[in-house]
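*Asks:*
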Amino acid sequence: AADAFVTPTHGEGFGRPIVEAMAMELPTIATNWSGPAAFLGEAWSYPLPIKGLVAADRGNGKWADVAEESVVQLMEHVLAHPEERRAKAKAARAYVLAHFSESVIADQLLNILEEVVR
């Protein structure tokens with residue numbers, strides 16, 4: 001068992017492990033940049049602030065410079081506030097089901113296909 005899912009990544013395309021953790025009602029601390037910034041929210045997760053962006057090792061990309069002290073602060077906060085973390089975890093699951101469930105994604109794909117066929 002885990003008290004929280006913590007992923008201070010430098011960048012994600014989408015962040016599927018983050019969504020999966022939220023779906024499993026795990027309080028989630030994740031870098032608030034790149035793909036995950038589209039679905040992290042204060043009401044259902046613990047968005048991890050960044051200090052800025054740094055050049056990636058290869059190519060022209062940018063990576064998030066994660067504020068390490070913020071990781072520690074958020075982890076301590078999550079552990080110290082069990083009622084809040086449970087409420088956010090339940091809200092996270094509801095958010096994921098409302099936005100990323102199979103039926104929601106299927107409807108979105110059907111809409112795209114209908115537009116292409118027209």
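Every letter in the sequence shown is one number past the one before it in UniProt numbering, and letter 88, counting from 1, is 88. Quick reminder that beta carbons are idealized off the backbone N, C-alpha and C, glycines included. None of the values given here were measured: they were computed from a predicted structure.
Could you pull the DSSP bridge partners for Asp65 from this structure?
*Replies:* The partner list for Asp65 (beta bridge, DSSP) reads Gly52.
*Asks:* Going by other Cβ atoms of all chains shown within 10 Å of its Cβ, with 16 needed for buried, is Ala40 buried or exposed?
*Replies:* Correcting the residue type first, residue 40 is Leu in the shown sequence and not Ala. A residue is called buried once 16 or more other Cβ atoms fall within 10 Å of its Cβ, and Leu40 is buried on that count.
*Asks:* According to the neighbour-count rule (16 or more other Cβ atoms, all chains shown, within 10 Å of its Cβ), is Gly15 buried or exposed?
*Replies:* buried
*Asks:* Within 10 angstroms of the Cβ of Arg58, are there 16 or more other Cβ atoms? Answer buried if so, exposed if not.
*Replies:* The residue is exposed, with fewer than 16 neighbouring Cβ atoms inside 10 Å.
*Asks:* Can you name the start and end residues of the beta strand (DSSP E) that Phe39 belongs to?
*Replies:* Per DSSP, Phe39 belongs to no beta strand (DSSP E) and is neither H nor E.
*Asks:* What residue range does the alpha helix (DSSP H) around Trp30 cover?
*Replies:* Checking the sequence, you will find Ala at residue 30 rather than Trp. Element bounds for Ala30: not the alpha helix (DSSP H) but the beta strand (DSSP E), Thr28 to Thr31.
*Asks:* State the start and end residues of the unbroken alpha helix (DSSP H) segment that holds Phe14.
*Replies:* Unbroken run through Phe14: none, as it is neither H nor E.
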